[in-house]
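Novice: Input: one structure, supplied below.
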Amino acid sequence: MWNLRKINWQEARDLNGFNDASEIKVGVLDTGIDAGHPDLKDQVAGYIYEHPDLPGASSDQDLIGHGTHVAGTIAATINNDVGINGISRARIHAWKIFDDRPDLLTHPDGTAEFAYFVDPVMYLRALLDCVDQGIDVINLSIGGGGAPDPTESAAFEALLANGSTIVAAMGNERRDGSPISYPAAMPGVIAVGATNLQDRITNFSNRGNHITIAAPGDAIWSTLPTYPGQIGWRAERGPDGHWWQGKAAIRETDYDAWPGTSMAAPHVAAAAALYIANGGKRDPAAIRSALTASADKVPAMGEQDFTPDFGYGRLNLERLIAGIGTND
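Dropping the structure here:
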């Protein structure tokens, strides 16, 4: 797969004494996971999906498929003659932070859709669980314009103080002026942009001075649930002015290629897990420093050390692992 070649995945695995992170805990806080997927069933160490306050509001199914796709990039079973290879063998601890009820989203142009959104209660519960369970790396391929409230900020501070590395997607609103997206813009978070096969920033990846690093995020082939699902629904306005659910946007099953900074972030989360497993310090600041020091300064950066598009460069897994002991 082009994304693994681009980050020198095989070269990293060929390094003497390479450890594939099978004892590292990576938290995936997302739309859920297909824990029975042939490429994931041996990698999922835990899955919490029920809403703590509303029984029946959330099933164990990943209807959207987003979380399953993210998890596959991080840790799909390697060399099992099935599907894809994940970047690591990290143990996936998944939390479903979306309930199963789509909400109406209206757009400035007068159109609308029914889409899924993060449930704040499920999200906060997952963050606090990550603190309690000592999760090593947390992937947050989510985002929005609302600044964090004090409770969320306190949870992030507790995670960072506990040694958990937090990786988040920059967001996909470049055509709308790259509005600041949280949690990527929160202090201490490793914010990830998306690059394409040509090592250029994608036409959707948000830019900003808070970006840390970029990673492949265009047409990333990864796992999807083996059962049917939908990304959302078109909204149709009835004669009375009310919106109702129209045609569903059906996703593929098993595997598919998806774009997004959501697909770039798990490359970096897996890299952080491998860094710890191979003797790097389990410390968010040390991991950030190692990632930025080892990143490739691609030609599109114009020989600059940092740009608001790429951060400090595009992820290079081989250099990250080879530099342990010198960059941390």
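UniProt numbering numbers the first residue of the sequence shown as 1 and each following residue consecutively.
Beta carbons: idealized from backbone N, C-alpha and C, even for Gly.
Bear in mind that the values here come from a model prediction, so they are computed numbers and not experimental data.
Buried or exposed for Q198, please, with buried defined as at least 16 other CB atoms from any protein chain shown within 10 angstroms of its CB.
Specialist: exposed
Novice: How long is the line joining the alpha carbons of D328 and E11, rounded to whole angstroms?
Specialist: Low confidence applies here, because D328 scores a pLDDT of 49, under 50, leaving its location unreliable; read the following figure in that light. So the two alpha carbons sit approximately 21 Å from each other.
Novice: Rounded to whole angstroms, what is the Cα-Cα separation between G86 and A94?
Specialist: 16 Å
Novice: Which whole-angstrom value is the C-beta distance of F156 and M122, which I expect to be below 8 Å?
Specialist: Actually they are not in contact, since the Cβ atoms of F156 and M122 sit about 16 Å apart, beyond 8 Å.
Novice: Relative to the alpha-carbon of G193, which residue among I142, I231, G67 and Y227 has its alpha-carbon at the smallest distance?
Specialist: Measuring from the Cα of G193, the nearest candidate turns out to be I142.
Novice: Could you check if W258 is buried or exposed, using at least 16 other CB atoms within 10 Å of its CB as the buried criterion?
Specialist: Buried: at least 16 other Cβ atoms inside 10 Å.
Novice: Straight-line CA distance for A154 to D240?
Specialist: Per the coordinates, the alpha-carbon of A154 lies some 45 Å from the alpha-carbon of D240.
Novice: Do the CB positions of I166 and A126 come within less than 8 Å of each other?
Specialist: no
Novice: On the DSSP bridge list, what partners appear for F98?
Specialist: V118
Novice: Return helix, strand or coil for H93, following the three-state DSSP convention.
Specialist: strand
Novice: Which partner residues does N139 have in the DSSP bridge list?
Specialist: V28 and V167
Novice: Could you give the first and the last residue of the continuous beta strand (DSSP E) run that contains K297?
Specialist: Here K297 belongs to no beta strand (DSSP E), and DSSP marks it neither H nor E.
Novice: Below 8 Å CB to CB, which residues in the same chain sit around A45 once its five sequence neighbours on both sides are set aside?
Specialist: If we look at A45 and ignore the five residues flanking it on each side, its Cβ neighbours are K25, R91, I92 and H93.
Novice: Quick check: the Cα distance between Q43 and T68, rounded to an integer number of angstroms?
Specialist: 12 Å
Novice: For R5, count the other beta carbons within 10 Å of its own beta carbon; 16 or more makes it buried, fewer makes it exposed. Which is it?
Specialist: exposed
Novice: Check whether the stretch 199-213 touches the stretch 290-300, counting contact only when three or more Cβ pairs, one atom from each stretch, lie closer than 8 Å.
Specialist: The stretch 199-213 is in contact with the stretch 290-300.
Novice: What does DSSP give as the partner residues of A249 in its beta bridges?
Specialist: G232
Novice: Using a 10 Å radius around the Cβ and a threshold of 16 neighbouring Cβ atoms, would you call residue 334 buried or exposed?
Specialist: Absent from the model: residue 334. The displayed extent of the chain is 1 to 328, so no value can be given.
Novice: Could you compute how far the alpha carbon of A76 sits from the alpha carbon of I190?
Specialist: For A76 and I190, the distance between alpha carbons rounds to 22 Å.
Novice: Cutting at 8 Å between CB atoms, please list the residues of its own chain near P52, excluding the five before and the five after it.
Specialist: V121, M122 and R125
Novice: Apply the 10 Å Cβ neighbour rule to N139 and answer buried if 16 or more other Cβ atoms are within range, or exposed otherwise.
Specialist: N139 should be labelled buried.
Novice: Name the residue from G83, C130, I135 and A184 whose alpha carbon lies nearest to the alpha carbon of Q144.
Specialist: Looking at the sequence shown, residue 144 is not Gln but Gly. Answer by Cα proximity: A184.
Novice: So, helix, strand or coil for L197, using DSSP?
Specialist: coil
Novice: Please classify G280: is it buried, with 16 or more other beta-carbons within 10 angstroms of its beta-carbon, or exposed?
Specialist: buried
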